[in-house]
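**Student:** Okay, here's the structure, questions in a sec.
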Amino acid sequence: MPVTITTLPARSDNYFFLLHDEESGRTALVDAPETAPIRAALEERGWGLDEILITHHHGDHIEAVDDLRAAYGARVTGAAQDAHRLPPLDRAVSPGESFDLFGEKVEVMDAPGHTVGHIAFHMPGLRALFSADSLMALGCGRLFEGSPEQMWQTLQRLAALPEETIVYSGHEYTAANAAFALTIEPENPDLISREQRTREARAAGRATVPSALSEELATNPFLRAGVPQIKASLGMPDASDVEAFAEIRRRKDRF
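The sequence shown: position 71 = 70 (numbering that gives the first Met the number 0), numbered continuously.
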């Protein structure tokens, strides 16, 4: 049986992801925002925890790592370049490397911008990208440490993955991101439709994460900064793609 992925909420707006291999009974966690909901989810399903994958060093993604490692003996994987500010790593990985998780290949992708040491995990066999706070549903992470150039390059790398890739991002920010995206592309029919679906989903208490990469390519203004119509709407028809991206990011920060 294939590895299954379960998306679950924590804190006020975080998500964590449980990957479970039915054949072996093993379970992995991507990011660890809060101990109690993660333990509750595992106990409800009768699962242990064998692996923890970390995307970046922010507390709302690593807070529960030490508790969960102590409780379950999980092996912790994270970025070698960020090891100095992550919980102790059992497996330090670098962009361009890959490793096996329950028989599935995991590709480590460089994803700086939100932080300089941010990585993403791409699992091509599952058509899954765990992007945390780099590429997000209708958005991207704030540039707390990295530059617009770094984040734009990150987004270009992620956008080049197969369009059927499913994007598992770190937060439930989609409604606010949709409202902002409409200020950039108010006449985009795909965006108008997605904004309506997002409002309906949130009103019903449903998550808007994960999302399809194909949908992000059609509606996410941060991925679409190179589109000539968007540059024109920004009043920057002759801008480079990264200049247009930086302007969209500045507007979102003030939104």
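Ideal Cβ positions, reconstructed from N, Cα and C, are used throughout, including at glycine. Bear in mind that the values here come from a model prediction, so they are computed numbers and not experimental data.
Can you give me the start and stop residues for the beta strand (DSSP E) that Val166 sits inside?
**Tutor:** If you number the sequence shown from 1, residue 166 lands on position 167. Its beta strand (DSSP E) spans residues 165 to 168.
**Student:** What are the partner residues of Met122, as DSSP defines its beta bridges?
**Tutor:** Within the sequence shown, the letter at position 123 stands for residue 122. The partner list for Met122 (beta bridge, DSSP) reads Ala127.
**Student:** Within the continuous alpha helix (DSSP H) that includes Phe101, where are the two ends?
**Tutor:** Here the question's residue 101 lines up with position 102 in the sequence shown. No alpha helix (DSSP H) contains Phe101, which DSSP labels as neither H nor E.
**Student:** Rounding to the nearest angstrom, what Cα-Cα distance links Ala91 and Val75 in this structure?
**Tutor:** Walking along the sequence shown from the start, residue 91 turns up at place 92. Walking along the sequence shown from the start, residue 75 turns up at place 76. Each residue's alpha carbon lies about 9 Å from the other.
**Student:** Give me the DSSP bridge partner(s) of Ala91.
**Tutor:** For the purposes of this step, residue 91 is identified with residue 92 of the sequence shown, where counting begins at 1. Note: Ala91 sits in a beta bridge opposite Gly77.
**Student:** Do you know offhand how far Ala131's Cα is from Arg223's?
**Tutor:** Against the sequence shown, residue 131 aligns to sequence position 132. Against the sequence shown, residue 223 aligns to sequence position 224. So the alpha carbons of these two residues sit roughly 19 Å apart.
**Student:** Check whether the Cβ of Asn176 lies closer than 7 Å to any heavy atom of the ligand HEM, and answer yes or no.
**Tutor:** No copy of the ligand HEM occurs in the structure displayed, which carries no ligand at all.
**Student:** Does the distance from the CB of Ala119 to the CB of Val208 come in under 8 Å?
**Tutor:** For the purposes of this step, residue 119 is identified with residue 120 of the sequence shown, where counting begins at 1. For the purposes of this step, residue 208 is identified with residue 209 of the sequence shown, where counting begins at 1. For Ala119 and Val208, no; Cβs fall outside 8 Å.
**Student:** Span of the alpha helix (DSSP H) holding Pro188?
**Tutor:** In the sequence shown, residue 188 corresponds to position 189, counting from 1. Run containing Pro188: 188 to 202, per the alpha helix (DSSP H) assignment.
**Student:** Pick from Glu42, Leu18, Glu43, Gly58: whose alpha carbon is nearest that of Ala31?
**Tutor:** As a working note, residue 31 is residue 32 in the sequence shown. Checked all of Glu42, Leu18, Glu43, Gly58; the closest Cα to Ala31 is Gly58.
**Student:** What separation, rounded to the nearest whole angstrom, lies between the Cα atoms of Gln228 and Leu190?
**Tutor:** The sequence position of residue 228 within the sequence shown is 229, counting from 1. The sequence position of residue 190 within the sequence shown is 191, counting from 1. Using only the alpha carbons, I get a separation of about 15 Å.
**Student:** Taking a contact to mean a Cβ-Cβ separation below 8 Å, would you say Leu85 touches His56 in this structure?
**Tutor:** Within the sequence shown, numbered from 1, the residue matching residue 85 stands at position 86. Within the sequence shown, numbered from 1, the residue matching residue 56 stands at position 57. Yes, Cβ-Cβ distance for Leu85 and His56 is below 8 Å.
**Student:** Note down, one range per segment and in chain order, each alpha helix (DSSP H) of at least 4 residues found wholly within the stretch 6 to 65.
**Tutor:** With a minimum length of 4 residues, the continuous alpha helix (DSSP H) runs that stay inside the stretch 6 to 65 are 34 to 44, 58 to 61.
**Student:** Return the CA-CA distance between Ala110 and Gly116, expressed in angstroms with no decimal places.
**Tutor:** In the sequence shown, counting from the first residue as 1, residue 110 sits at position 111. In the sequence shown, counting from the first residue as 1, residue 116 sits at position 117. Rounded to the nearest angstrom, the two C-alpha atoms are 7 Å apart.
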